[in-house]
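So the protein sequences, as listed, match chains A and B.
Residue numbers for the first sequence follow my numbering, beginning at 159 and rising by one.
Residue numbers for the second sequence follow my numbering, beginning at 4 and rising by one.
Heads up, the beta-carbon is just placed ideally off N, CA and C, and yes, glycines get one too.
Notes for the one structure printed next.
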Amino acid sequence: GAGVSQSPSNKVTEKGKDVELRCDPISGHTALYWYRQSLGQGLEFLIYFQGNSAPDKSGLPSDRFSAERTGGSVSTLTIQRTQQEDSAVYLCASSLWTGLNPYGYTFGSGTRLTVV
Amino acid sequence: KQEVTQIPAALSVPEGENLVLNCSFTDSAIYNLQWFRQDPGKGLTSLLLIQSSQREQTSGRLNASLDKSSGRSTLYIAASQPGDSATYLCAPETGANNLFFGTGTRLTVIP
């Protein structure tokens with residue numbers, strides 16, 4: 159697609175339920191990133207996928223969070239047993255990283271998650 | 004670890020003014036630096052990307068400069084408009100998955 163697409167744009171869920179957030183990156187972009195932004199805070203890195211390499215999961219805040227990227231394209235971020243502190247905007251970005259000539263990041267419009 | 008500072012944290016100006024947003028970073032070994040705009044509760048929109056070998060980039064009323072050796076970048080906005088009101092984020096990149104964000108400058112342009 160022309161840009162990074164995220165769905166849903168808004169999600170309200172009850173505490174304790176599982177949620178899945180989807181990211182469809184720009185076609186051909188090898189790198190995909192998930193960030194989250196809590197109200198009034200900066201961006202917090204969650205996870206990074208690059209091609210077929212093992213993902214960098216160093217930013218995931220707990221084992222309730224997981225993500226996968228199927229076929230090197232679409233990614234799903236799953237949050238199990240949601241807590242109120244998980245409420246945030248979850249942002250996905252993709253880039254064409256070549257190692258020597260990096261290009262900029264393109265962000266999706268985010269998923270606003272509210273846990274009630 | 005890269006530390007990114009943006010000054011001022013907030014700025015309020017009357018419509019039509021020219022303004023400068025400042026960004027400083029501690030690790031000058033960057034590949035590029037990107038300026039983003041973020042509207043409240045929304046994602047990030049890329050404004051300008053400056054490669055490490057470049058000194059500046061221009062897009063419309065926006066001009067971004069980069070002084071890699073001193074760890075500084077500025078975003079110049081000419082003839083500001085109320086639609087420019089947003090938070091502006093500076094993000095230097097030092098390698099794969101090494102994009103560091105500043106805390107942003109919240110700009111309000113008063114009609």
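Quick one: measure Cβ to Cβ for residue i and residue j, integer angstroms, because I've assumed they're closer than 8 Å.
i, j, result
"residue 285/A", "residue 193/A", "As shown, chain A starts at 159 and ends at 274. That puts residue 285/A outside it, with no answer to give."
"residue 251/A", "residue 271/A", "About 17 Å separates the two Cβ atoms, so there is no contact after all."
"residue 92/B", "residue 74/B", "Wrong, their Cβ atoms sit about 17 Å apart, outside the cutoff."
"residue 16/B", "residue 22/B", "6 Å"
"residue 26/B", "residue 9/B", "5 Å"
"residue 180/A", "residue 164/A", "7 Å"
"residue 6/B", "residue 28/B", "7 Å"
"residue 67/B", "residue 76/B", "6 Å"
"residue 205/A", "residue 218/A", "6 Å"
"residue 266/A", "residue 249/A", "6 Å"
"residue 69/B", "residue 62/B", "About 14 Å separates the two Cβ atoms, so there is no contact after all."
Taking all protein chains shown into account, decide if residue i is buried (16 or more other Cβ within 10 angstroms of its Cβ) or exposed.
i, result
"residue 229/A", "exposed"
"residue 117/B", "Here chain B covers residues 4 to 114 and nothing more, so residue 117/B does not appear."
"residue 215/A", "exposed"
"residue 94/B", "buried"
"residue 170/A", "exposed"
"residue 86/B", "exposed"
"residue 105/B", "buried"
"residue 268/A", "buried"
"residue 264/A", "buried"
"residue 199/A", "exposed"
"residue 4/B", "exposed"
"residue 209/A", "exposed"
"residue 225/A", "buried"
Going along the chain, which residues of its own chain have a beta-carbon closer than 6 Å to the beta-carbon of residue i, five neighbours each way excluded?
i, result
"residue 178/A", "234 and 236"
"residue 183/A", "162, 190 and 252"
"residue 168/A", "270"
What residues in its chain sit with their C-beta under 7 Å from that of residue i, if we drop five residues either side in the sequence?
i, result
"residue 238/A", "176 and 222"
"residue 273/A", "171, 173, 240, 241, 242, 244 and 245"
"residue 89/B", "40, 41, 42 and 110"
"residue 64/B", "80, 81 and 82"
"residue 166/A", "269"
Along the chain, where does the beta strand (DSSP E) that runs through residue i open and close?
i, result
"residue 109/B", "108-113"
"residue 40/B", "35-41"
"residue 278/A", "Only positions 159 to 274 of chain A appear in the structure, and residue 278/A is not among them; the question remains open."
"residue 60/B", "59-62"
"residue 30/B", "From DSSP, residue 30/B is part of no beta strand (DSSP E); its letter is neither H nor E."
"residue 10/B", "7-10"
"residue 68/B", "65-70"
"residue 235/A", "233-237"
"residue 176/A", "Premise fails: residue 176/A is in no beta strand (DSSP E) and is neither H nor E."
"residue 168/A", "168-171"
"residue 192/A", "189-195"
"residue 91/B", "89-96"
"residue 184/A", "Run containing residue 184/A: none; DSSP gives neither H nor E here."
"residue 240/A", "Where residue 240/A is concerned, there is no enclosing beta strand (DSSP E), given that its DSSP letter is neither H nor E."
Can you list, in chain order, the residues of its chain whose CB lies under 8 Å from that of residue i, leaving out five sequence neighbours each side?
i, result
"residue 186/A", "254"
"residue 54/B", "34 and 35"
"residue 14/B", "22, 24, 108, 109, 110 and 111"
"residue 114/B", "18 and 85"
"residue 32/B", "97"
Exercise. Report the residues of the region 26-51 of chain B with a CB closer than 8 Å to any CB of chain A, ordered along the chain.
Key: Listed by position, the residues of the region 26-51 of chain B near chain A (Cβ gap below 8 Å) are 34, 35, 37, 39, 44, 45, 46, 47, 48 and 49.
Quiz item: Name the residues in the region 83-103 of chain B whose C-beta lies less than 7 Å from a C-beta of chain A; which are they?
Solution: 96, 99, 100 and 102
Quiz item: Taking Cβ-Cβ distances below 8 Å as the criterion, which residues of the region 211-239 of chain A are in contact with chain B?
Solution: 214
Quiz item: Listed from N- to C-terminal order along the chain, which residues in the region 192-209 of chain A have their beta-carbon within a distance smaller than 7 Å of any beta-carbon of chain B?
Solution: Against chain B - using a Cβ distance shorter than 7 Å - the residues of the region 192-209 of chain A are 200, 201, 206 and 208.
Quiz item: For the region 53-64 of chain B, which residues have a beta carbon sitting closer than 7 Å to at least one beta carbon of chain A?
Solution: none
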